[in-house]
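Following: one structure in structure tokens, then a few remarks.
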Amino acid sequence: MRAIVLAKIVLCLGLTGTAIAAEQVDLIVHDGVIYDGSGGNPVKGDVAVRDGRVVAVGKLADYQAKQKLDAKGLAVAPGFINTLSWATESLIYDGRGMSDIKQGVTLEIFGEGTSMGPVNAQIREEMIKTQGDIRYDVTWTTLGEYLDFLVKRGISPNVASFVGAATVRAHEIGYANRAPTPAELGRMQDLVRQAMREGALGVGSSLIYAPASYAKTDELIALTKAASEFGGAYISHLRSEGDRFLEALDELLLIAREANVPAQVYHLKAAGKKNWPKMQQAIDKIEAARKSGLKITADMYSYTAGATGLDAAMPTWVQEGGIDAWVERLKKPEIRARVLKEMRDPNAGFESLLQAAGSADRVLLIGFKTDKLKPLTGKSLAEVAKMRGVSPEDAAIDLVIEDHTRVGTAYFLMSEENVKLGLSQPWVNIDSDAEAPAPEGPFLLSNPHPRAYGTFARFLGHYVRDQKVTTLQDAIRRLTSLPAETFKLKNRGCLKKECFADIVVFDPATIKDHATFDKPHQYATGVQHVFVNGVQVLRDGEHTGAKPGKVVRGPGYNRT
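Pasting the structure below:
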């Protein structure tokens, strides 16, 4: 009888079965200050989640939930998107992605020039040979298989990837410094098409490094055109961020125009003091391109130092053929002499970050593979050179030979004024350009750049709250809906009906980074709760152990 009465009330009020069902949800984030990712003003209210999706946002007094989270006084936003992540290996070892989850990151995007697929025998051998403290077998052959491998192992954040232009090049022509034949280029394009069907977001390049630097512009246009067939994008570490910064930016704009794709600049910067005035000129170029109709964006990390390897201090010709060939060349006196001469020559014709840093005192050694060299972690190249009684250039060469790796290195390259200028641009989103470590296990065997633990918190705390480079609602837009729209990630980066329930709850007044170059393994604070696909992975600042991460596929994904 009670059920009949209830049914009559429903009919009289004109309520549908769907509306009644929507009142029963899995989760309500209650009484928070909601930033929906659009950039609009925040509103106080609730967010209701069912089956991993947002079903309602607003005053939801009539909704009933299995779990209710009090967010009073806290910001509630879409999960943040890391548009340049190197968590490709760290997630294999530790799927929690701790340093990023504790900053509210719910999507890691890979693919700066190299990607974890496609893989052939030669690439697999090089991948295993160049592994550091995290060791793993390479059991996949395509990019899609790698992403599925991560999810099967269990990961807390979602993952996505570009296909690396250097990876498809190495797949077809190895690590040689030559142009592909027409047949090879056709096969490279087919590899891009395969990756796009598997869900890649587009083509990524990293043009100061070997073998990526061997690619000419026409090769990159051809690969990007293949991605364009599927709605993909182009994203690039420019061929120069220093002396030829503006010319390298022109190359990206040309590729975007010729391939008819959105394009993004990785870690926008003007490297080297003499090039600092070019930052405003680069911004003006991008603004002009956007006004002309091109969809151009950029990402940045919120620090004045970058981090890469000692390979960025040496000419790329000596690196041809991979790590073994590089080290063997450096052991030959006549080749070493030539490398030393070019390392010291500001007009040698390659992008030298040692030159851009200005001195070896501004070059910090942060990661070694060999146990006997690990005590040098945290010392400058100048310190190590003095300890050994050699020049900084000689020390760099010796360290690469002894460690048989590129040696993890931080370079202090940018001005604080330019960092603030870049972070204030409405088309700039945020990246870590780093792994997602934890202060435990093999992660403690090297020192990451502090951006691995702090770039998102530093942006929101130091730059947005304290330096006021932009409003909080705009900052959140740039961490969420901007990259989601740029890379065509449907129903990500938003808090509205049908959006995936990737949610971060944080305190804008206290969010703060703590990692430093001296003590990098320190978590950021201020993020209280994180949900990925509706599952809570961070509760009161502590990881729950949940690993609900999925592969986020690009626009060309073919399920068949």
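Following my numbering, the numbering of the sequence shown begins with 22 at its first residue and continues without gaps.
The beta carbon of each residue, even a glycine, is placed where N, CA and C say it ideally should be.
- Task: Return the Cβ separation of Phe183 and Ser136 in integer angstroms, given the expectation that the two are a contact with Cβ distance under 8 Å.
- Result: 6 Å
- Which whole-angstrom value is the C-beta distance of Gly253 and Met217, which I expect to be below 8 Å? 6 Å
- Where DSSP assigns a beta bridge to Pro99, which residues make up the other side? Ile524
- Looking at the structure shown, is Arg199 part of a helix, part of a strand, or coil, going by DSSP? coil
- Span of the alpha helix (DSSP H) around Leu244: Thr238 to Ser249
- Query: Does the count of Cβ pairs from the stretch 86-105 and the stretch 148-157 closer than 8 Å reach three?
  - Reply: no
- Task: Let me know the secondary structure DSSP gives Gly342 once reduced to three states.
- Result: coil
- Task: Mind reading off the beta-carbon distance from Leu516 to Val78? Whole number of angstroms is fine, and I expect it under 8 Å.
- Result: 6 Å
- Task: Please name the residue, chosen from Phe464, Asp345, Arg383 and Ala334, that lies closest to Asp366 on a Cα-to-Cα basis.
- Result: Ala334
- What's the C-alpha gap between Glu205 and Leu315? 30 Å
- Query: Quick check: the stretch 83-94 against the stretch 42-55, are there 3 or more CB pairs under 8 Å?
  - Reply: yes
- Item | Cβ separation of Gly175 and Lys568, assumed to be a contact under 8 Å, to the nearest whole Å | 4 Å
- Item | Beta-carbon separation (whole angstroms), Pro504 vs Thr104, contact threshold 8 Å | 5 Å
- Item | Which residues DSSP lists as bridging Thr430, in chain order | Thr329 and Leu386
- Item | Host alpha helix (DSSP H) of Met321 (start-end) | Where Met321 is concerned, there is no enclosing alpha helix (DSSP H), although the beta strand (DSSP E) it sits in stretches over Ile317 to Met321.
- Item | Span of the alpha helix (DSSP H) around Tyr474 | Arg472 to Arg479
- Message: In this structure, how does DSSP classify Met22 when only helix, strand and coil are distinguished?
- Response: For Met22, the pLDDT reaches just 41, beneath the cut-off of 50, and the residue's location in the model is therefore unreliable, leaving the point undetermined.
- Query: CB of Asp539 to nearest heavy atom of the ligand FMN: below 6 Å?
  - Reply: As far as ligands go, the structure on display features none, and thus does not contain the ligand FMN.
- Pick out whichever of Arg145, Glu110 and Lys123 has its Cα sitting closest to the Cα of Gly132. Glu110
- Please report the Cβ distance between Glu456 and Ala473, rounded to the nearest whole angstrom; I am assuming they are in contact, meaning their Cβ atoms lie under 8 Å. 6 Å
- How many Å lie between Gly555 and Val50 at the Cα? 11 Å
- Item | Inside the stretch 82-127 only - beta strand (DSSP E) runs reaching at least 3 residues | 85-91, 96-99 and 101-103
- Query: Below 7 Å between beta carbons: does that hold for Val411 and Val421?
  - Reply: no
- Message: In the DSSP output, what is Asn179 paired with across the bridge?
- Response: Leu128
- Task: Measure the CB-CB distance between Asp536 and Pro471 and report whether it falls below 7 Å.
- Result: This sequence places Ala at residue 536; Asp is not what is there. In this structure, Pro471 lies closer than 7 Å to Ala536 by Cβ.
- Query: Can you give the beta carbon distance from Asp452 to His258, rounded, assuming they're within the 8 Å contact cut?
  - Reply: The pair is not a contact, with the Cβ atoms about 11 Å apart (cut-off 8 Å).
- Item | Per DSSP, the bridge partner or partners of Asn450 | Asp320
- Query: Taking just the CA atoms, how far does Leu500 sit from Arg350?
  - Reply: 43 Å
- Check whether Asp424 and Thr391 have beta carbons under 7 Å apart: yes
- What did DSSP end up calling His192 once you bin it into helix, strand or coil? helix
- Item | Among Leu267, Phe251 and Thr202, nearest to Lys237 - alpha-carbon criterion | Thr202
- Query: From this set, Ala416, Pro178, Gly73 and Leu171, which residue's C-alpha is nearest Leu361's C-alpha?
  - Reply: Ala416
- Could you give the C-beta distance for Leu466 and Lys395, rounded to a whole number, given that I count them as a contact under 8 Å? 6 Å
- Message: Tell me the residue span of the beta strand (DSSP E) that contains Gly79.
- Response: Arg74 to Gly79
- Item | Limits of the unbroken beta strand (DSSP E) element including Phe170 | Per DSSP, Phe170 belongs to no beta strand (DSSP E); it is in the alpha helix (DSSP H), Leu164 to Arg174.
- Given a cut-off of 7 Å, decide if Ser177 and Gly570 are closer than it, judged by their beta-carbon atoms. yes
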